[in-house]
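Using the UniProt record's numbering, the first residue of the sequence shown is number 1, and each one after it goes up by one. All C-beta atoms, glycine included, are put in the ideal place defined by N, C-alpha and C. Model, not experiment: these values are computed from the prediction. Below is one structure, written out as structure tokens; the observations come after it.
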Amino acid sequence: MKEVFMTYKLPDAAVAKIEQHFSVAVGTEDRHLTKEEIIDGAKGKQALVTLLSDNVDREVIEALPQLEVIANYAVGTNNIDIAGATEKKVKVTNTPGVLTDATADLTWALILAVTRRIPEGDRMMRDGQFTGWAPELLLGSELNGKTLGIIGFGRIGMAVAKRAAGFNMPVIYHSRRQKSPVIEGELKASYRSMEGLLAEADLVTLHLPLTEQSHYFIDEAVFKRMKDSAYLINTARGPIVKEEALVSALENGEIAGAALDVYEHEPLVHQRLIGMNNVVLAPHTGSATVETRNRMAEMVADNVIAALNGDTPPNWVNPF
1 MKEVFMTYKL PDAAVAKIEQ HFSVAVGTED RHLTKEEIID GAKGKQALVT LLSDNVDREV
61 IEALPQLEVI ANYAVGTNNI DIAGATEKKV KVTNTPGVLT DATADLTWAL ILAVTRRIPE
121 GDRMMRDGQF TGWAPELLLG SELNGKTLGI IGFGRIGMAV AKRAAGFNMP VIYHSRRQKS
181 PVIEGELKAS YRSMEGLLAE ADLVTLHLPL TEQSHYFIDE AVFKRMKDSA YLINTARGPI
241 VKEEALVSAL ENGEIAGAAL DVYEHEPLVH QRLIGMNNVV LAPHTGSATV ETRNRMAEMV
301 ADNVIAALNG DTPPNWVNPF
């Protein structure tokens, strides 16, 4: 019987589904494994189920010559050496599509949290600092009529745009390719150059994948072109934003605030961000709903079963 190693326990239904076909071993339920622990756990096994936080580099892949598939429990695969896996004829799979709504919802939760200063109010109440209503207490910014700028207009970016209608917000976007007039009409979204978007947007939200080209896509020059009343939202990938530049922009008043779900050196957070009241910090919870995580786990199970049975996995990212 073929064997599967999971670096972290997935929802029970997905584990049970895989166990109908193969033997399953689980690394841990309470912490992330080191690279050495991943290698030790996956030795002799044909499938490796990983988290986005697992570093599956060339060293790991070469240490596991029997490996047939790496099934990532995420839509992104930047934690895996795709070229190295392809060279060794190891299939890599992901879980696209199912986390679109959850991530779009969290984006809007962060937008509301930072513009209406909700975490500040929560801390005030818990610390016993609220002494009664006051005319200028925690004044925030309205969303009605403000311009939403979306960078990266794939599934998640478009889902974020769709939700903007409820706030009566004009939507502008920038991506590698402009969408068709039909899609733009349905979403009431208008294409802009990067420069045009930064000049117009009251909120800039990021929804592009992490690639060599998008690393530090948001840097000092970008912050200088944004409105000083604008907010940055990032639920994409941490290294898309040059964090030191973000800190400087916030400290210098180049932008009004930021709300982040991902970080450049995750799980570490820049210490100066932690002390800023105009910054909302979330612990990478874009897909963190029961429904979404269960659907993701189901996709992992389907990918593993197909790959180990010699079939084409539904979400194969490195066809060879």
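Tell me which same chain residues have a C-beta within less than 8 Å of the C-beta of Ala25, skipping the five on either side of it? Excluding positions up to five away in sequence, the list reads Glu3, Val4, Phe5, Met6, Gly41 and Lys45.
Comparing alpha-carbon positions, which option in Gln66, Asn144, Met158 and Ser141 lies nearest Thr103? The candidate whose alpha carbon is nearest that of Thr103 is Met158.
If you follow the beta strand (DSSP E) that Met125 is part of, which residue opens it and which one closes it? Not the beta strand (DSSP E): Met125 falls in the alpha helix (DSSP H), residues Ile118 to Arg126.
Provide the residue(s) that pair with Phe320 in DSSP beta bridges, ordered along the chain. Per DSSP, none; premise fails for Phe320.
Please report the Cβ distance between Thr235 and Gly286, rounded to the nearest whole angstrom; I am assuming they are in contact, meaning their Cβ atoms lie under 8 Å. Contact holds; Cβ gap of about 5 Å.
Helix, strand or coil, according to DSSP, for Met6 in the structure here? Met6: strand per DSSP, three-state reduction.
Consult DSSP for Lys91 and reduce its assignment to one of helix, strand or coil. Of the three classes helix, strand and coil, the one that applies to Lys91 here is strand, per DSSP.
Validate contact between the region 178–192 and the region 210–218 using beta carbons, cut 8 Å, 3 pairs: A contact between stretches requires three or more CB pairs, one per stretch, nearer than 8 Å, and the region 178–192 fails this requirement with the region 210–218.
Is Met299 buried or exposed, if buried means 16 or more other CB atoms sit within 10 Å of its CB? It counts as buried.
For Lys224 and Gly154, what's the separation of their Cα atoms in angstroms? Between Lys224 and Gly154, the C-alpha separation is close to 26 Å.
Using a Cβ-Cβ cut-off of 7 Å (strictly less than) and excluding sequence neighbours within five positions of Lys43, which residues of its own chain qualify? Answer for Lys43: Leu64, listed in chain order.
Length of the line joining the Cα atoms of Asn72 and Ala109: Rounded to whole angstroms, the gap between the alpha carbons of Asn72 and Ala109 is 26 Å.
With DSSP as the reference, label Ala258 as helix, strand or coil. Ala258: strand per DSSP, three-state reduction.
Sequence-distant residues of its chain with Cβ nearer than 8 Å to Lys88 (five each side left out): If we look at Lys88 and ignore the five residues flanking it on each side, its Cβ neighbours are Ile61, Glu62, Pro65 and Leu67.
Shortest alpha-carbon distance to Ser53 belongs to which of Ser23, Val69 and Tyr8? Relative to Ser53, the option among Ser23, Val69 and Tyr8 whose CA is nearest is Tyr8.
Put Asn303 into one of helix, strand or coil per three-state DSSP. Collapsing the DSSP output to three states places Asn303 in a helix.
Here's the rule I'm using: 16 or more other beta-carbon atoms within 10 Å means buried, otherwise exposed. How should Met134 be labelled? For the record, residue 134 in the displayed sequence is Ala; it is not Met. With fewer than 16 Cβ atoms within 10 Å of its Cβ, Ala134 is classed as exposed.
Would Val114 pass as a contact of Ala259 if the rule is Cβ separation under 8 Å? Yes.
DSSP state of Asn294, grouped into three classes? Residue state, collapsed to three classes: helix.
Beta strand (DSSP E) segment containing Thr205, residue limits: Per DSSP, Thr205 belongs to the beta strand (DSSP E) from Leu203 to Leu206.
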